[in-house]
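Colleague: I'd like to ask some things about the structure below.
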Amino acid sequence: MKPEFLYSKLIEELSKNRSVAVATLISKEGSGPRDIGAQIVVTEDGAKYGTIGGGSLEKIVIEEALKALSEGKPKLLKLALRRDNIPKDAIATNQLCGGVVEIFINVIQPSPRLILVGGGHVGKPVADIANMVGFRVIVIDDKEELANPVRYPYAESVIVGKPDDEVGKLQFVKSDVLVIAYGEVETDYRVLKKLVEVKFPGHVWALCSRSRCAWMLKRLMDEGFNLADFRGRLHMPAGLDISSDTPEEIAVSILAEVICVRKGCAMPVKSMDVSNVLIK
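To convert, note that position 99 of the sequence shown is 98 in numbering that gives the first Met the number 0; the numbers rise steadily by one, no gaps.
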């Protein structure tokens, strides 16, 4: 298979907001069906492009690639292409080539999306910073003067319409981040309600006061919604407590928390400053 085709499939999957696994033969001792550098691309739905040797070897690699995709982590495999004298750290393949190979499975994920609802004073720097740190940005607002390609030239999509309706039309994945920064109580509530209704799989940040947060969550529960699945994925009020004041500072606090949650950093975040220890 031509490498152009193999990598075009990889790019095609990433463009659809889906992760792919690339399995590469990185070492070989003895005989094996393919040489070092042979690759296959495995998609989330189990499709395979290219070949790394066929038979039970390839079957095991595909199974492990799907596990890697599910976990979102790369892995290294050692496989014995024989039925006896199997190294302790190797997986038996039932093949008879005689050699031992190592396969590195890399998980390539698409750039994460940040869906911004509300393109106003806080929304604009949220989107700007998100774009700066590598998010694909989608902007939704019902006012064209706030949601337009001139204001957000880098956006993957700029949508003008009723926010909760437009949110309901999107297809989401687990890595998506959604920030509610519209600023009007009923609109914010309707957007949050829509996310619960469609079972939004990612994390939600809502720009609101503590009292508004409590009011929205209580209203949802009073209306019969079970929020158990959203525990740990709702961040209300949005942002780290850094005494932010201006729209730009608030945006920094929100994106700092988004990055922290995605990276699994410790809460509360500790300063890296060591100057007080070093200064004599």
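Even glycine gets a Cβ: it sits at the ideal position worked out from N, Cα and C.
1) In the stretch 149-203, which residue ranges form an unbroken alpha helix (DSSP H) of at least 4 residues, counting only runs that do not cross its ends?
2) Measuring alpha carbon to alpha carbon, tell me which residue in E165, E143, I104 and Q94 is nearest I114.
3) Confirm, please, whether the CB-CB distance from V100 to L5 is below 7 angstroms.
4) Tell me which same chain residues have a C-beta within less than 8 angstroms of the C-beta of G49, skipping the five on either side of it?
5) Compute every distance between the C-beta of S208 and the non-hydrogen atoms of the ligand HEM, then say whether any falls below 6 angstroms.
6) Identify which residue in V176, T186, V138 and G71 has its Cα closest to the Cα of Q108.
7) Consult DSSP for E248 and reduce its assignment to one of helix, strand or coil.
8) Could you check if C264 is buried or exposed, using at least 16 other CB atoms within 10 Å of its CB as the buried criterion?
9) From the DSSP output, in three-state form, read off L226 for me.
10) For E57, which three-state DSSP category applies?
11) Between G238, P2 and V121, which lies nearest to V21 when the distance is taken from Cα to Cα?
12) For the alpha helix (DSSP H) holding G122, just list the boundary residues, first then last.
13) Distance, Cα to Cα, D187 vs V178?
14) Taking all protein chains shown into account, decide if A213 is buried (16 or more other Cβ within 10 angstroms of its Cβ) or exposed.
15) I'd like to know if the stretch 138-152 and the stretch 230-243 are in contact, where contact means that at least 3 CB-CB pairs between them fall below 8 angstroms.
16) For the stretch 18-85, which segments carrying the alpha helix (DSSP H) assignment without a break, of at least 4 residues, lie completely within its bounds, in sequence order?
17) Under 7 angstroms between the Cβ atoms of K74 and I61?
Modeller: Result, derived from the coordinates:
1) DSSP runs (the alpha helix (DSSP H)) wholly in the stretch 149-203: 162-168 and 184-196.
2) As a working note, residue 114 is residue 115 in the sequence shown. Nearest of E165, E143, I104 and Q94 to I114, Cα basis: E165.
3) In the sequence shown, counting from the first residue as 1, residue 5 sits at position 6. In the sequence shown, counting from the first residue as 1, residue 100 sits at position 101. No, these two residues do not count as a Cβ contact at 7 angstroms.
4) The sequence position of residue 49 within the sequence shown is 50, counting from 1. M0, L5, A37, Q38, I39 and V40.
5) Of the ligands one can find in the structure shown there are none, so the ligand HEM has no counterpart to examine.
6) In the sequence shown, the residue the question calls residue 108 occupies position 109. Q108 has its Cα closest to that of G71, out of V176, T186, V138 and G71.
7) As a position in the sequence shown, residue 248 is number 249, starting the count at 1. Note: E248 maps to helix in three-state DSSP.
8) Locating residue 264 in the sequence shown gives position 265, where the first residue counts as 1. So C264 counts as exposed.
9) On the sequence shown, residue 226 is found 227 positions in, with the first residue counted as 1. Three-state result, L226: coil.
10) Here the question's residue 57 lines up with position 58 in the sequence shown. The answer is helix: DSSP assigns E57 an H, G or I state.
11) Position 22 of the sequence shown, counted from the start, is the residue given in the question as residue 21. Of G238, P2 and V121, the residue nearest in Cα terms is P2.
12) Counting from 1 along the sequence shown, the entry for residue 122 is found at position 123. From DSSP, the alpha helix (DSSP H) with G122 extends over G122 to M131.
13) The residue given as residue 187 occupies position 188 in the sequence shown. The residue given as residue 178 occupies position 179 in the sequence shown. Whole-angstrom Cα-Cα distance: 10 angstroms.
14) Taking the sequence shown and counting its residues from 1, the one referred to as residue 213 is at position 214. Flag for A213 reads exposed.
15) no
16) 54-70
17) As a working mapping, residue 74 is identified with position 75 in the sequence shown. As a working mapping, residue 61 is identified with position 62 in the sequence shown. Not a contact, by the Cβ cut-off of 7 angstroms.
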